[in-house]
Amino acid sequence: EEAKVVELTREGLDQLQSELQHLETVVAPAVRDDLAAAYQDRDFRENAPYDEAKRRMGEVQGQIDRLKGQIKAARVVERETSNVRAGLGSKVVLRDLQYDEELDYTLVGPGEVDTRNRRISIQSPVGSALKDRNVGDTVEVDIPSGKARYRIERIERAS
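Residue numbers (this note's numbering): 723 to 881.
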């Protein structure tokens, strides 16, 4: 079955590869050591450390497999160089027209979302409303309480 292509910035792909390397070279070997130490106990009926190490190893292997799948499906997209149109890698400064507040978001691929740092997927409702739009454009986004209206104030290349 063909995996779905996931668009990422170069930084996003580098981050996934770094996370994978850490799991494979640091985390997995440590869990394997815990598993080996717990195995020495040989009483498997009541060996909570062994059960926990087995569970943790399955969890780590699942994370490794997920990251490998994301990396395999990744397609690096160069940042949009235009300061006029919003696209992948753009920092978009918006004015919320209802509350007259300034907001800013960086548009990233789905695997790079980090809401604490205001990095939203270009495929999210807000991200897709902003994609290919220009400074001065007004966009409407469906939200649970109705519609939000934003005006694009500035578009910058993300640093």
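Glycine included, each C-beta is placed from N, C-alpha and C at the ideal position.
Beta-bridge pairing of residue i - partner residues as DSSP gives them
i: residue 812; result: 879
i: residue 870; result: 863
i: residue 675; result: Only positions 723 to 881 of the chain appear in this structure, which leaves residue 675 out of reach.
Inter-residue spacing [alpha-carbon to alpha-carbon] between residue i and residue j
i: residue 747; j: residue 741; result: 10 Å
i: residue 863; j: residue 872; result: 8 Å
i: residue 787; j: residue 739; result: 12 Å
i: residue 767; j: residue 783; result: 24 Å
i: residue 753; j: residue 779; result: 6 Å
i: residue 727; j: residue 831; result: 11 Å
i: residue 789; j: residue 795; result: 10 Å
Close beta carbons around residue i, own chain, < 6 Å, minus the five adjacent residues each side
i: residue 723; result: Low confidence applies to residue 723: its pLDDT is 45, below 50, so where it sits in the model is not reliable, and the reading given next is rough at best. Closer than 6 Å at the Cβ level, and outside the excluded window around residue 723, lies no residue.
i: residue 756; result: 775
Close beta carbons around residue i, own chain, < 8 Å, minus the five adjacent residues each side
i: residue 797; result: 727, 728, 729 and 730
query = Between the segment 819-837 and the segment 765-777, are three or more C-beta pairs nearer than 8 Å?
reply = no
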